[in-house]
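Just so it is clear: in the sequence shown, position 64 is 54 by our numbering, and no numbers are missing. No residue lacks a Cβ here, since even glycine has one placed at the ideal position from N, Cα and C. The structure displayed is predicted, hence computed values, not measured ones. All remarks here apply to the structure that follows.
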Amino acid sequence: IDDGLDKCTALQCLSLGNNKISALDTFQKLRQFRGLHMLNLEGNPVCREPEYRATALAYVETLKYFDYAMVDPAEVTQSREQYQDDIMDVEEKEALDADARNRDQAAAKIVKELEMANLLVAENLFDEMFDEDAEMAKLKHIPRIDELIEQFHNQFKSKADTFKTAGLELDADKKAEKGRFGKALQAVRASHA
-9 IDDGLDKCTA LQCLSLGNNK ISALDTFQKL RQFRGLHMLN LEGNPVCREP
41 EYRATALAYV ETLKYFDYAM VDPAEVTQSR EQYQDDIMDV EEKEALDADA
91 RNRDQAAAKI VKELEMANLL VAENLFDEMF DEDAEMAKLK HIPRIDELIE
141 QFHNQFKSKA DTFKTAGLEL DADKKAEKGR FGKALQAVRA SHA
């Protein structure tokens, strides 16, 4: 299930019948398809597992049809209660993963904005200075050096944040001015046409 379907998160109907799916943990992987309403796994070795149907309904709660049969909401509720502890663990992990994805997306957005404004150097300069410094390993033996580096990092970050904010404001002004110039140029061309 991992190969090839990762990006198809909007699937509503999925038929994987007569394959070699044999593990009940397959249903945890199917949770990524939040709109999955119809699922067919008939003919797979996993169908012979005693907890097959209950596991499927517990983990993929959006199902309306499972193996060509309509799903009873009461059966879903009962299955979710049966696997409540496991589902809580999975949902907690999913929430942590979603938070991490959101943080990564926010960081990527900031990096893109800084890159577009030609300010990315302010984001990476401190790390590059210390990561690429061959003498840093020798300095690590000096007492309180970590404390001093942390103090310098905080001061540097404060100045870099001020620089980035000012740079982003200038970039926004520049883009606005470019937009106004483009409109004025179009107006002049239209009046002389």
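When the options are compared against residue i, the one with the closest alpha-carbon
| i | options | result |
| --- | --- | --- |
| Ser12 | Ala0, Cys37, Ala88, Phe153 | Cys37 |
| Asn114 | Glu125, Ala127, Ile100 | Ile100 |
| Leu104 | Pro133, Arg93, Asp151 | Asp151 |
| Gly7 | Ser148, Leu(-5), Asn30 | Asn30 |
| Gln68 | Glu51, Glu84, Met60 | Glu51 |
| Glu65 | Leu53, Gln141, Gly172 | Leu53 |
| Val61 | Leu47, Gly(-6), Arg179 | Leu47 |
| Asp117 | Lys102, His143, Ser148 | His143 |
Boundaries (first-last residue) of the beta strand (DSSP E) holding residue i
| i | result |
| --- | --- |
| Ser12 | Careful: Ser12 lies outside any beta strand (DSSP E) and carries neither H nor E. |
| Asn30 | 28 to 30 |
Cβ-based neighbour list, residue i, same chain, cut-off 8 angstroms, excluding 5 preceding and 5 following
| i | result |
| --- | --- |
| Tyr49 | Phe17, Gln18, Leu20, Arg21, Tyr73, Ile77, Val80 |
| Leu14 | Val36, Glu39, Glu41, Tyr42, Thr45 |
| Phe153 | Leu109, Ala112 |
| Leu129 | Ile135 |
| Ala183 | none |
Cβ shell of residue i (< 6 angstroms), same chain only, five flanking positions each side left out
| i | result |
| --- | --- |
| Tyr55 | Met28 |
| Asn34 | Asn9, Ile11 |
| Asp161 | Ala107 |
| Gly157 | Ala107, Leu109 |
Beta-bridge pairing of residue i - partner residues as DSSP gives them
| i | result |
| --- | --- |
| Met60 | Tyr55 |
| Cys3 | Met28 |
Same chain, Cβ closer than 7 angstroms to residue i, five either side skipped, listed in chain order
| i | result |
| --- | --- |
| Phe120 | Met126 |
| Asp89 | none |
Residue i - containing alpha helix (DSSP H), residue span
| i | result |
| --- | --- |
| Leu96 | It should be pointed out that residue 96 corresponds to Ala in this sequence rather than to Leu. Unbroken alpha helix (DSSP H) run through Ala96: 74 to 106. |
| Asp163 | 135 to 181 |
| Leu115 | 110 to 121 |
| Arg43 | 42 to 49 |
| Leu129 | 126 to 129 |
How do the segment -6 to 9 and the segment 19 to 28 stand: do at least 3 beta-carbon pairs fall below 8 angstroms, yes or no? The segment 19 to 28 and the segment -6 to 9 touch, with three or more beta-carbon pairs separated by less than 8 angstroms.
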